[in-house]
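Residue numbers (our numbering), protein chains in the order written: chain A, 1 to 287; chain B, 1001 to 1340. For every residue, glycine included, the Cβ atom is placed at its ideal position computed from N, Cα and C. Every value quoted in this text rests on a predicted model; they were computed, and no experiment measured them. Okay, structure first, notes after.
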Amino acid sequence: MDLANFLIQLLNSVQYGLLLFMLAAGLTLIFGIMGVVNLAHGSFYMLGAYLAWSLSARTGSFALALIGGSVLAVIFGLILERVLFRHFYHRDHLDQVLLTFGLIYIFEETRSILWGDDVHGVKVPDLLSASVPLTETMSYPVYRLFMSAVCVALAVALYLLISKTRLGMKIRAGAFNRDMTEALGVNIKLIHAIVFAIGVALATVAGMIASPISSVYPNMGAQVLIMCFVVVVIGGIGSVRGAMIAALLVGLVDTFGKVLLPQVAGMLVYMLMAAVLLWKPEGLFKQ
Amino acid sequence: MSAAKANLETLPRTLQVLLALAFLALALFPFVGTDFYVQSAARMMILAIFAMSLDLLLGVTGLVSLGHAAFFGLAGYALAFLTPAGEPASLWWTLPAAVAASALGALVIGFFVVRTHGIYFIMVTMAFAQMVYYLFFDNKSLGGSDGIYVNFKPDAKFFDLDNKLVFYYFTLAMLLAVYAFLRRLLWSPFGRVLAGIRVNEHRMRAMGYGTFGYKLAAFTLAGGLAGLAGYLLAAQSGYVNPELMGFHTSAHAIMMVILGGMGNFAGAIVGAFAFEYLLHWFKDLPQVGAFNLGKHWQLWMGLFIVLVVVFARGGLLGAIERLSRRRGRAAVAKEEERVA
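Pasting the structure below:
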């Protein structure tokens, strides 16, 4: 593997890792703060991809689709939280597993009724369709760099929101001691709704920006959900920092595994998880 | 976790009688049912064995496994690989071998997963099951996404499993044997330790029980029994594909146990029959105008699952239990006195 090829794989692995982080961050926040395990998280990723496809076809602009899709995702998250998830924060995990499994079926079938079962492609916006030349024969698409930039920007925004703002302070306080925070006059229900909507929005945005390179197809949330579980287990549930490091690690192992050890590439990520479980059963950064 | 609540560990006399009648009805069913329904009933019995094996983890030990289908599928694949292209393989060694393959898979995966708790356990069992799924899905030599055919039904020497009636009664015998075994196990010292782990694992450890070993043993045993069901299903349908081990199969099994009521094995049987029946019912829904209701069965199943979780905690047997509890608090007090 020469340097240019190595660089391309490295960029790919970072980009994949950052995308996984967007999904895993929401999953780990929703679990860490509300104690809900959400199997339907992958469906939000699928929803994002379909929204990007449908809205960009309708408006003719990928940027407009991104903005419109994000707004819809937040609204969708708030409604879902209010109608269903709010009532499941204190139910046991088994009920949450079943509820969210039922939701996967509902989301998949609604998608099938609304948008059909065909595979669709989303065009890379013209502005970002160029490539950066690395050597005479190899180049790297600007769009993938744009994806990574969006993910990094959102990750930084999430970090600042949680650790530097008043809202973030309330979120952390609520995660630490819900009843005490509520007793101090914080509207914890509102905080939970906001956190849930943020999680849904992150997953939806991930689906939207991934749609031009991954295409849009039924059940696309399922595989990504499993990868997110692996990320959350490795990083430690509830830890956003752990999710970031674990996501990059999984991205590296998966991408380079496919290049260097293609025979066992599918298993490598799970072996990584098994190794972490032996070493630290509660993840690398348990809260 | 509310899973700590014991759920009808001792079956009331009325339920026992109902269950015995149900077994009798199953035994007599081939005399009245058509071939299609007898086949469906055999499939339901196989799934009931699968659901019972999951109940050992879910309802007895309190381990929410979202990857149980991996062991269900492993034994099916074992049968497919052990059956030569031109002749049937003997039941007498392929069945133990397939069950052993599933149990071994459960032992290896269990070694990693039973050291985790709660939410981690759910996610890790699901992840490992997906690993097994993709192992078979991605490898052409293991059948790939299409799966493989089981060319011949296992050869059983003394009876002919190719005969659908014989297969039906063989499956019924297996169902009864597994039920009797698990009911016996539930009240054995081993089963009591598992129930203790569900109620309070820390206390069990403080009392000197090596809970890791007990949980691993339960996980392995449950995996082996799931393998028995998977073997029978592969023998019945004549092919195996990765969907057998998919995440949906695992989730359906959980739904069966929940629907019937967990922790007593009888509920798992009831739930398996009810769930499978409902699945067929949704898939057979008619065309209404331009809209085919049956094609979108996932929507109805999804809504049904959500409604059950929101409104019907404790499953079908749980509903009966609550009814009888409402009927007389005195009876409950008496029962508690007896247990104490």
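Not a single C-beta of chain B is nearer than 7 Å to the C-beta of A:ALA40. When DSSP assignments are scanned along the region 1192-1248 of chain B, the uninterrupted stretches of alpha helix (DSSP H) that are 4 or more residues long and fall wholly within it turn out to be 1201-1206 and 1211-1237. Using beta-carbon distances, B:HIS1296 counts as an interface residue toward chain A, with a partner under 7 Å. Around the beta carbon of B:LYS1215, a 10 Å sphere encloses 16 or more other beta carbons of the protein chains shown; the residue is thus reported as buried.
Rounded to whole angstroms, the separation of the alpha carbons of B:PHE1291 and A:ILE8 is 48 Å. Using a Cβ-Cβ cut-off of 7 Å, A:GLU81 does not count as an interface residue toward chain B, since no Cβ of chain B sits closer than that to its own. Ranked by Cα distance from B:ASN1151, the first of B:GLY1086, B:SER1090, B:GLY1213 and B:ALA1195 is B:GLY1086.
Bounds of the alpha helix (DSSP H) holding B:TYR1134 are 1118-1138. Close CB contacts of A:VAL269 within its chain, under the 8 Å cut and outside five residues either way in sequence, are with MET227, VAL230, VAL250, VAL253, ASP254 and GLY257 (chain order). Against chain B, the CB of A:HIS192 has no partner CB under 7 Å away; the residue lies outside that interface. For a cut-off of 8 Å, the C-beta gap from A:VAL97 to A:VAL37 is around 6 Å, short enough to register as a contact. For A:GLU182, no Cβ of chain B is located within less than 7 Å of the residue's own Cβ. The CB of B:TYR1277 never comes closer than 9 Å to any CB in chain A; the least such distance is about 18 Å.
A:ALA4 sits close to A:LEU134, with the two beta carbons spaced by under 7 Å. Fewer than three pairs of CB atoms, one per stretch, sit closer than 8 Å, so the region 1191-1201 of chain B makes no contact with the region 1029-1049 of chain B.
Here A:TYR217 carries a coil assignment [DSSP, helix/strand/coil]. Residue contact with chain B for A:ILE75: absent (no Cβ-Cβ distance below 7 Å to any residue of chain B). A residue is called buried once 16 or more other Cβ atoms fall within 10 Å of its Cβ, and B:ALA1101 is buried on that count.
Contact annotation: the region 1136-1152 of chain B does not touch the region 1019-1031 of chain B, with fewer than three C-beta pairs closer than 8 Å. Flagged as an interface residue toward chain B: A:PHE101, by a C-beta distance shorter than 7 Å. Residues of the region 1246-1260 of chain B with a C-beta less than 8 Å from any C-beta of chain A: PHE1247, ALA1251, ILE1254, MET1255 and ILE1258, listed in chain order. Restricted to the region 47-73 of chain A, not a single beta strand (DSSP E) segment is unbroken, complete and at least 3 residues in length. Taking the C-beta atoms as reference points, B:ALA1266 is found no nearer than 7 Å to B:MET1256. The C-beta of B:TYR1209 comes no closer than 7 Å to any C-beta of chain A. Apart from the 5 residues on each side of it in sequence, A:GLU282 sits with its Cβ closer than 7 Å to the Cβ of GLY236 in its chain, given in chain order. Chain order gives the chain B residues near A:THR110 as LEU1299, where near means a beta carbon separation below 8 Å.
In the same chain as B:PHE1282, and ignoring 5 residues on each side of it, the C-beta atoms closer than 6 Å to its own belong to TRP1297, TRP1300 and MET1301, in chain order.
Residue-level contact check: B:PHE1112 touches chain A, since one or more beta carbons of chain A fall below 7 Å from its beta carbon. The shortest C-alpha to C-alpha distance from B:LEU1054 to any of B:MET1044, B:ARG1043 and B:HIS1068 is the one to B:HIS1068.
Cβ-Cβ distances below 8 Å link B:PRO1154 to LEU1079, THR1083, PRO1088, ALA1089, SER1090, LEU1091, THR1094, LEU1095, LEU1161 and ALA1235 in the same chain, with the five nearest sequence neighbours on each side left out; the list follows chain order. Boundaries of the beta strand (DSSP E) harbouring A:TYR140: 139-141, taken from the DSSP string. Interface flag for A:ILE106 against chain B is set, since a Cβ pair is found closer than 7 Å. Looking at A:LEU11, A:ASP2 and A:LEU23, the one whose alpha-carbon comes closest to that of A:VAL200 is A:LEU23. Listed along the chain, the chain A residues whose CB falls inside 8 Å of the CB of B:PHE1050 amount to none; the nearest CB is some 17 Å away. Sequence-ordered contacts of the region 1132-1149 of chain B with chain A read TYR1134, LEU1135 and ASP1138 [C-beta pairs closer than 8 Å].
In the pairwise beta carbon analysis, the region 94-108 of chain A is classified as not touching the region 165-177 of chain A: fewer than three pairs are separated by under 8 Å.
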